[in-house]
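Each remark here refers to the structure printed beneath this line.
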Amino acid sequence: MQDRITSSVMTKFEKAYILGVRAQQLSMNAPPLVDIENETDPLKIAMLELKQKKIPFTIRRKLPDNTYEDWDIKELEIPDI
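Counting the sequence shown from 1 gives a position; our numbering is that position plus 549.
Next comes the structure, spelled out in structure tokens:
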């Protein structure tokens, strides 16, 4: 793992954005990446995927010096799921 400046904890804003984007994808018939067990609500499916860290997204955090850090969801701690 490389040296990082920003926290390894996902913010509530990042979490909300990821869940919203993934739920929208699911509502447009994207295949779920986890066993959904008769669940039909896209937001609940997105929450299951995030809890299991199956969502294949990367978070880009912009820094004040015009650089950025990319974090894979699998690398982040996800609070309150």
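Note that the Cβ used here is the ideal one computed from N, Cα and C, for glycine as well.
- For E598, the uninterrupted alpha helix (DSSP H) run begins and ends at P591 to K600, by DSSP.
- Residue environment analysis places L612 among the exposed positions, since fewer than 16 neighbouring C-beta atoms fall within 10 angstroms of its C-beta.
- The C-beta separation of T555 from R609 comes to about 11 Å, leaving the pair out of contact by the 8 Å criterion.
- Annotated three-state conformation of R610 is strand, per DSSP.
- The three-state secondary structure of E586, taken from DSSP, is coil.
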